[in-house]
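Residue numbers (UniProt numbering): 1 to 873.
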Ligand code: ADP
Ligand code: ZN
Ligand code: ZN
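As structure tokens, then:
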């Protein structure tokens, strides 16, 4: 019986409102066995060829309602997405109010974000012929032929018929045509480069239908291959052939013998053959010409950790605390049902050992595990702990890998050759088939929220994936986010309510370090104008004497190095964005962190002409200078955005410090995590409270987290540690509780504030940002949005005031100017939506935004939604 046609419903790679739905394409016969939900294909879309993802496959309607176009090309034999990831994409698009294509794109490596490229080839009817009349070689491609990688962008009738003869009397024309013929197809760009003067001729050839244009989806980079040598004949035949080499061809004979000797390892890398036998490539090639060997391209996997040895480790016998936690988790794991745990354990309580042993169990069940780590904590030591336990079964994904390395690590996961994926935020999408466990270390880190579209939070995505797979989620932290802690404590029945597990003591039994609060106001009163308190100063001096090490942390949030005139107060700002320019010492220029604008450092003030213009702010550079002045000869390793842009810079700097080539490690937040050095006995925080005054309701929480993290770094080993925290607000509860390592008290106090001021976890937020080139238009539209949303919410019976003790509430604040009120010449306003209860606030906020974007008067207005925002500045 003949099968009916099949249709693929696809999401096209055209990120726009109108195209945010599925489109139907016929599946050509030849592609049928290959197309499934998650496949990536090329489809004709308008006059273009675009990349698309297959969402589902359905039988075609018979008879067809309209002439449907066919899929043009299948881009991968193994679909890059699985059906569960396709479903997850849908969920993300709804949960975070973004286009489906954005949600799907974020799950695959950038290497696979194919873009259409234009190619020029000889029109079929002109192939291999200069002289035959065109009609003789007339050859219409059949529909089923769509499978071919190259497909002409057929617009209307081919114009070949207009040709009377071969039409190529011009030598330049012939030259171009034969150039293309030889290469089959040439990217348009390459052709223009090769024949820069001949644009008119190329155009004419295209117009006459001699040449044709096609579009192909090209990935940013392909698989890495290497030349390898294999036997072209059977082993016995090859052995017999050894006798037949002439005296002159003894080198070739050696190569053949070598291949035979290693036949179980074939194909062998060409390089290896050449170096082992000191033969040239030509010798191997000669063997190929004789038909004995064959040279081929084989795929290799780029392994960023190749050549590095990881010391194998064995599971440690667990402490009593660990044992209890471990058993709770594996009991859930064994049920193969979804579960979530919030593992609150002080720094050094041995959370990592719990991760390792639960992963072990997961692997034994033949399932896979994902370990999420904040980007900056993804240090070689961190990776080593996992590679040391699970060796080659671990894939690592982080942004410092090259595009190719990332792609290869990702393929190892998709192809099932590893069991554990460790990586930053986006590793939550690791395409494992049977996930058993998702671990999120340092779950409170804001970097788990992506700040660009799709603005997803990896924690929520992890919980969702666990739900799909019947997997267990472990959220680990010494300072859990208030959202997670509150959800665990109240055991509300929202989708995410983890069970709380606590580990209050350190695994090695050593105590947490002593924390001294230094009141900097007092220092000033005592006449100390330096950035170091007397105690910290003495502490550093002592460490230098005892040859121990110091870590100094500068809380950079709230600081910037900007250029200011001391005479008139002029501050150099970006002409396009409403922020001050940041000074970069290396390039000695000023740069805008939003739009990239840069200019040289002014020598005199542009406002008043004064020469007293210089850079300000307590940047790490200034601390470094001060250290050099106070402690001549001190060796400082500075780690900040400026010194860590190079690949592996982090690692090099840390190694320098670990090898004791420096006395002080100085840096921003980066130094607070992932460090574990035995000789660090002093930690100093230069300005603990610089973030406290920021207009962000999480300011206290972030300060507490940072101080606790830093304090946990000192004295992790034999030597006792000391911590000095310098602050201008020593009475602030976040400073006091952090100095006492008292998470519980901090949380109680902080929750009180949050409840009174109606902030998460007592409600949820949606930040709506509007931007437009004209300020009055922008303000009017933003006000319009706010009023419309409020009205609709009322219609639905949602209360508009957070103070009401009802469950379904939506309140909208603003519009107000955004903290950065202009970026790239566009003004910015924002509204904050606060909501709680079982209502579809996200859907409504999105719907009103869509309606506005469609109306003619709102042209050029950009509206972006940030659901559960982390950055409020
Ligand atoms: P956390 O991740 O909670 O900060 P770690 O896993 O880094 O803590 O553990 C701190 C230290 O304690 C490490 O040096 C680790 O090797 C050690 N450790 C953890 N568990 C045990 C155990 N059961 N027995 C002995 N040492 C342990
Ligand atoms: Zn001035
Ligand atoms: Zn700018």
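Positions of the beta carbon are idealized from the N, C-alpha and C atoms, including for glycine.
query	result
Proximal residues to residue 347 (C-beta, below 6 Å), its chain only, five neighbours per side dropped	478, 712
The stretch 497 to 511 contacting the stretch 310 to 328, beta-carbon criterion three pairs below 8 Å	yes
Three-way DSSP call (helix, strand, coil) for residue 132 in this model	Residue confidence for residue 132 is low, a pLDDT of 34 falling below 50, so the modelled location carries little weight and cannot support an answer.
Three-state class that DSSP yields for residue 663 in the structure shown	coil
Residue 658 beta carbon near ligand 1 (any heavy atom closer than 8 Å)	no
For residue 523, three-class secondary structure by DSSP	helix
Distance cut-off 8 Å: residue 322 Cβ against heavy atoms of ligand 1	yes
Environment of residue 508 [buried if 16+ CB atoms lie within 10 Å]	exposed
Meets three-Cβ-pair contact criterion under 8 Å: the stretch 747 to 755 and the stretch 781 to 789	no
Straight-line gap, residue 476 to residue 98 (C-alpha atoms, nearest Å)	29 Å
Close Cβ partners of residue 337 (< 7 Å) along its chain, the five nearest in sequence each way excluded	470
Residue 465 classed as buried or exposed, judged by whether at least 16 other C-beta atoms fall within 10 angstroms	buried
Spatial neighbours of residue 439 in its chain, beta-carbon cut-off 6 Å, leaving aside the 5 residues before and after	355, 371, 474
Contact test: residue 832 Cβ vs ligand 1 heavy atom, cutoff 8 Å	no
Residue 286 CB to nearest heavy atom of ligand 1 below 8 Å	no
Cβ-based neighbour list, residue 620, same chain, cut-off 7 Å, excluding 5 preceding and 5 following	554, 638, 640, 666, 667, 668
Beta-carbon proximity list for residue 38, same chain, < 8 Å, skipping 5 on both sides	53, 54, 79, 80, 81, 82, 83, 85, 86
Buried/exposed call for residue 58, threshold 16 Cβ in 10 Å	exposed
Euclidean distance between Cα positions of residue 512 and residue 590	42 Å
Residue nearest to residue 286 in terms of C-alpha spacing, selected from 751, 660, 232	232
Continuous alpha helix (DSSP H) stretch holding residue 772: start and end	Unbroken run through residue 772 is the beta strand (DSSP E), 764 to 772; no alpha helix (DSSP H).
Continuous alpha helix (DSSP H) stretch holding residue 171: start and end	171 to 183
Proximity to residue 462 [Cα-Cα], best of 678, 369, 104	369
Ligand 1 heavy atom lying under 8 Å from the CB of residue 478	yes
Boundaries (first-last residue) of the beta strand (DSSP E) holding residue 831	826 to 836
CB contact flag (residue 318, residue 364, <9 Å)	no
Uninterrupted beta strand (DSSP E) stretches inside the stretch 711 to 760 (no shorter than 3 residues)	722 to 727
Residue 161 in three-state terms, based on DSSP	Note that residue 161 scores a pLDDT of 33, beneath 50, so its modelled location is shaky and nothing firm can be said.
Start-to-end residues for the beta strand (DSSP E) that takes in residue 589	589 to 591
Extent of the continuous beta strand (DSSP E) run through residue 565	562 to 565
Cβ-heavy atom distance, residue 383 to ligand 1, below 8 Å	no
Beta-ladder partner(s) of residue 500, from DSSP	342
Which listed residue (484, 548, 606, 422) has its alpha carbon closest to that of residue 565	606
Which residues DSSP lists as bridging residue 268, in chain order	229
Residues of its chain near residue 350, where Cβ-Cβ distance is below 6 Å and the 5 sequence neighbours each way are ignored	322, 507
Residue(s) in a DSSP beta bridge with residue 25	8
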